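Q:
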Amino acid sequence: MSVASASTEKKKRGWFKEEFGNPERRTAYYMVLPSLLIILIVAFFPILYGFVLSLTDSTISGFGSFVGLENYVEMFQDTDFLEGLSNTVIFTVASVTLEFFIGLGIALAINRAFRGRGLVRAAVLVPWAFPTVIAAVMWRLMFQNQVGIIQYAADTLGIISEPILSSRTLLLMGAILVDVWKTTPFVALLLLAGLQVIPAEVYEAARVDGANWMQRFFRITLPLLKGAILVAVLFRTLDAYRVYDLFWVMGNRELASLSTYVYEGVRISQLQFGPGNAAAVFIFVTAFLIALFFIRVLGMRTSVEEE
Amino acid sequence: MTERSEGSGASAGRKLNRRDFLKMGGAGLAGAALLGTAGCGGGGSGSGKIIFTMGPDADGSIAKLVNKFNKEKISKLEAVHREMPASSNAYYDKLRTEFQAGTSDISVVGVDVIWPKQFAPQNWIMDLSDRFPASAQKEFIPVTISVAEYEDGVFAVPWCSCPDAGLLYYRKDLLDDSGIPSPPETWSELEEMALQVSKEAGVQNGFVFQGSNYEGGVCNALEYIWTHGGDVIDDDENVVIDSPEAAAGLATYNRMIESGAAPEAVANWTETESSANFYNGDSVFIRYWPSLYGGFGDTETTKIKPEQIGIAPIPVDKPGNPTYSCLGGWQMAIYANTEIEEDAWKFIEFMTSEESMRERVIIGGYDPSRKALYDDPEIAKATPVVKLAKDVLLKNVKSRPVTEYYGDMSLEMAEQFNSALKGDISPEEAVKTLQESLSQIMEEAQ
Chain A
163 MSVASASTEK KKRGWFKEEF GNPERRTAYY MVLPSLLIIL IVAFFPILYG FVLSLTDSTI
223 SGFGSFVGLE NYVEMFQDTD FLEGLSNTVI FTVASVTLEF FIGLGIALAI NRAFRGRGLV
283 RAAVLVPWAF PTVIAAVMWR LMFQNQVGII QYAADTLGII SEPILSSRTL LLMGAILVDV
343 WKTTPFVALL LLAGLQVIPA EVYEAARVDG ANWMQRFFRI TLPLLKGAIL VAVLFRTLDA
403 YRVYDLFWVM GNRELASLST YVYEGVRISQ LQFGPGNAAA VFIFVTAFLI ALFFIRVLGM
463 RTSVEEE
Chain B
7 MTERSEGSGA SAGRKLNRRD FLKMGGAGLA GAALLGTAGC GGGGSGSGKI IFTMGPDADG
67 SIAKLVNKFN KEKISKLEAV HREMPASSNA YYDKLRTEFQ AGTSDISVVG VDVIWPKQFA
127 PQNWIMDLSD RFPASAQKEF IPVTISVAEY EDGVFAVPWC SCPDAGLLYY RKDLLDDSGI
187 PSPPETWSEL EEMALQVSKE AGVQNGFVFQ GSNYEGGVCN ALEYIWTHGG DVIDDDENVV
247 IDSPEAAAGL ATYNRMIESG AAPEAVANWT ETESSANFYN GDSVFIRYWP SLYGGFGDTE
307 TTKIKPEQIG IAPIPVDKPG NPTYSCLGGW QMAIYANTEI EEDAWKFIEF MTSEESMRER
367 VIIGGYDPSR KALYDDPEIA KATPVVKLAK DVLLKNVKSR PVTEYYGDMS LEMAEQFNSA
427 LKGDISPEEA VKTLQESLSQ IMEEAQ
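Chains as they are written, first to last, in the numbering used here: chain A, 163 to 469; chain B, 7 to 452.
#1: Using the Cα positions of A:I252 and A:F409, report the straight-line distance between them to the nearest angstrom.
#2: Consider the Cβ of A:P208: report whether some Cβ of chain B lies at a distance smaller than 8 Å.
#3: What residue ranges within the stretch 150-205 of chain B form continuous alpha helix (DSSP H) runs of no fewer than 4 residues, ordered along the chain?
#4: Taking A:E186 as the reference, give the member of B:R25, B:A33, B:G32 with the closest Cα.
#5: Using DSSP with H/G/I as helix, E/B as strand and the rest coil, what is B:G48?
#6: Are the C-beta of B:E365 and some C-beta of chain A separated by less than 8 Å?
#7: Taking 8 Å as the CB-CB cut-off, is A:Q432 touching chain B?
#8: In the DSSP assignment, the alpha helix (DSSP H) including A:S257 goes from what residue to what residue?
#9: Given a cut-off of 8 Å on the beta-carbon distance, is the pair B:R102 and B:I57 in contact?
#10: If you run the structure through DSSP and keep just helix, strand and coil, what is A:V405?
#11: Output the distance between the C-alpha atoms of B:D118 and B:I346, rounded to the nearest integer angstrom.
#12: State the beta-bridge partners of B:E89 as determined by DSSP.
#13: So, does the CB of B:A273 fall closer than 8 Å to a CB anywhere in chain A?
#14: Determine the chain A residues that contact B:Q441 at a beta-carbon separation under 8 Å, and present them in chain order.
#15: So which of B:E206, B:A227, B:A339, B:Y341 has the shortest CA-CA distance to B:K404?
#16: Any C-beta of chain A sitting closer than 8 Å to the C-beta of B:D414?
#17: Taking the beta strand (DSSP E) that B:R473 falls in, what are its first and last residues?
#18: Listing by chain order, which chain B residues have their CB less than 7 Å from the CB of A:N307?
#19: Considering just the uninterrupted stretch of the alpha helix (DSSP H) at B:L417, what are its terminal residues?
#20: Cβ of B:Y411 less than 8 Å from any chain A Cβ?
#21: Quick check: the stretch 221-235 of chain B against the stretch 322-336 of chain B, are at least 3 beta-carbon pairs closer than 8 Å?
#22: Excluding the 5 residues flanking A:Q377 on each side, which residues of the same chain have their C-beta closer than 8 Å to its C-beta?
#23: Which residues of chain B have a Cβ atom closer than 8 Å to the Cβ of A:E324, listed in chain order?
#24: At a CB distance below 8 Å, what residues from the stretch 234-255 of chain B approach chain A? Give them in sequence order.
#25: Given that A:R429 touches chain B, what residues does it touch there, using C-beta distances under 9 Å?
#26: Roughly how many whole angstroms lie between the Cα atoms of A:V258 and B:A451?
#27: Would you list, in chain order, the members of the stretch 413-424 of chain A that have their beta-carbon closer than 8 Å to a beta-carbon of chain B?
#28: Should B:G34 go down as buried or exposed, given a rule of 16 or more other Cβ atoms within 10 Å for buried?
#29: Hey, how far is the Cα of A:I430 from the Cα of A:E363?
#30: Going along chain A in order, which residues have a C-beta closer than 8 Å to the C-beta of B:Q106?
#31: So which residues of chain B does A:S328 contact, with C-beta pairs closer than 8 Å?
#32: Nearest to B:R406 by alpha carbon, out of B:M415, B:V398, B:G326, B:L399?
#33: Do we get a CB-CB distance below 8 Å when we pair B:G47 with the residues of chain A?
#34: Along the beta strand (DSSP E) that carries B:F138, what are the first and last residues, could you check?
#35: Return the chain-ordered list of same chain residues with a C-beta closer than 6 Å to the C-beta of A:T346, the five sequence neighbours on each side being excluded.
#36: Quick one, which of B:T358, B:I340, B:S359 has its alpha-carbon nearest B:A350's?
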């Protein structure tokens, strides 16, 4: 143990010399430098610029003067923003939860070898392959009151008495439904990949020890699946949090989300540019915090070495 | 780590080759990147054609006129129609993106009537007053000129359809069957007739219109407000929407659904859904733009024939009150940064000439902006709307309250009108909220 600690000490002190002194390591850094620069320019700079813009009263016609946090205050007092925030949070929680449970079920079901398994796996992916905009238009037609099959069925069954596309609550539920339809396959396949890594011997040993399926599921499957679960849930959470095209196309301006608020402020309106910008920074910061939460608190593995 | 020792231990030639390769590779990539950016920067300015943007050319009239312009070689450059989205909002978005960037190859822009007053302050379209003097302006319907004015200049030439105006279409045959001799004059009459005739004729809906949360919804609701005596802004640009008249207008708007004359779903219908419903024969009355008329007689669009259709002005609140139709329609403007100003103007001159306008009106069933064409018998025969709605189109069309920040105002109005229509808020709440938000917008605009 002392040898290891001594070597790590030496490593920390000589890290710089070791990295840049070695010609091969130095070459490696040079090779990474172009893509690093591109990422800085393409990704970092716009984010920084957006942040700076959100602290001014600029509009699309020109750069304005510094106003501090005024845009953020205006944003938090805007009912449209609060509506978008609540819609987005409800949408994220509901759709990710549903997708996780249904996806896990699908993954467990198609994990066993059966005839036609390859075909089933490919078929399961079909909704995921649709562009979101096409799916949104397609489902909107199904919810529409003149030609929509879902509106017709709901009216006949008597569970809905108003046009679905006119009610913000029903629209949100519809959007959750469409998102679950569309991305459950994605979650299912991620979890399936995680399931396949679990060696069969573990289950055999458990069976020999007399464990029933519930114990096998909760004590073997879930813990060993933790990595894949966290990856799938993080991806889906961040994607759902940033939802825009589904809400905009299906709701036709009736359904608000954080991203549609940004769009309306920055692209349609002329005076709401500041709050729209502030909302964009808000989305970035909170999404970042969500990702951080998953990695630090829930212990998601980001590379092979950390364990 | 054995690899490293192998690498340094092997012949020096191998390591140098790898280094050289990396150096050459890096230089090659950098060179390619530079070439790429240079190539991208070059294109985009001036393509040698007069690019004319407009929505889809459903009836082929634009294609015909553009071909004629090119064949007669009126300008040394060829004109080409660049199709834009059918939705006015989406088209506006696209234009805004291009114009903001400052480098667009568009020369002639087909503009919605509410755009000149928004584009002109941003210097995106040119002042055409020197080419389009007052003497030429007199030939057009006055309201179509006033919407294109900003600060002392005129920024667009009215085209067609312009003025687009809200009209009340009705199934004359169904009204005759029910023994009703003439169309409704007031909103209450419309409500009664819609309920009565739809029941007697077994038709699904009595009255349909465009009530969704978008620009068309604003047009619909404004007609109710205006015919009840209210208004959004007055001549001095004060916001006056918080009035009992405006609230009464919105109350009537809401009552159309409440009474059952119109289906609940109109609150999310746009032109597409409402026209499809009427063309299908599922409605007795519809409030729509003049372009609906072209569909009757075209068996692919609808089985309803023109003889079955009647047109009436928008109903009013009390008999004898003036009627108002919301002004819509399309005009032509020149993009401010275009390099081919002369040719662009030649194209506009051609397209808005009496002859070309006549042709487009006859093919597509639009209404012209030139006053003289309203007395033309051939046009009256080809597009009965011109004859049936002549008074409305010439005199009773009113423009929306367009200001520099109309985008924001429209967003507010669309949402409040839609909520009032659905009954989510009362008309008084709607007008009060609008009074606040619109005043705020007008203040910020100063």
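For each residue, glycine too, the CB sits at the ideal point set by N, CA and C.
Being a predicted model, the structure only gives us computed values, none of them experimental.
A: On the basis of the supplied data:
#1: 13 Å
#2: By the rule that beta-carbons nearer than 8 Å mark a contact, A:P208 does not touch chain B.
#3: 178-183
#4: The candidate whose alpha carbon is nearest that of A:E186 is B:R25.
#5: Here the model assigns B:G48 a pLDDT of 43, short of 50, so the residue's position is not dependable, and the following value carries that caveat. In the structure shown, B:G48 falls within a helical segment according to DSSP collapsed to helix, strand and coil.
#6: no
#7: yes
#8: 241-271
#9: no
#10: coil
#11: For B:D118 and B:I346, the distance between alpha carbons rounds to 22 Å.
#12: B:M60
#13: yes
#14: Within chain A, no residue comes near B:Q441; the closest Cβ sits about 17 Å away, beyond 8 Å.
#15: B:A227
#16: yes
#17: Residue coverage of chain B in this structure runs from 7 to 452, which leaves residue 473 of chain B outside it and unanswerable.
#18: Under the 7 Å cutoff, chain B gives A271.
#19: From DSSP, the alpha helix (DSSP H) with B:L417 extends over 412-428.
#20: Put simply, the CB of B:Y411 is near chain A, with a gap under 8 Å to one of its CB atoms.
#21: yes
#22: By the criterion of a C-beta distance shorter than 8 Å, A:Q377 is surrounded in its chain by A368, once the five residues flanking it on both sides are discounted.
#23: E270
#24: none
#25: Contacts between A:R429 and chain B, judged by CB atoms closer than 9 Å, involve D99, R102, T103 in chain order.
#26: 43 Å
#27: N414, R415, E416
#28: exposed
#29: 59 Å
#30: Near B:Q106 (Cβ distances below 8 Å), the residues of chain A are I222.
#31: E270, A271, A273, N274, K428
#32: Among B:M415, B:V398, B:G326, B:L399, the Cα nearest to that of B:R406 is on B:M415.
#33: For B:G47, the predicted structure reports a pLDDT of 47, less than 50, and the residue's modelled location is therefore unreliable. A value from the coordinates is still provided. No, because no Cβ of chain A sits closer than 8 Å to the Cβ of B:G47.
#34: No beta strand (DSSP E) contains B:F138, which DSSP labels as neither H nor E.
#35: Cβ neighbours of A:T346 beyond the five flanking positions: E261, I264, G265.
#36: B:I340
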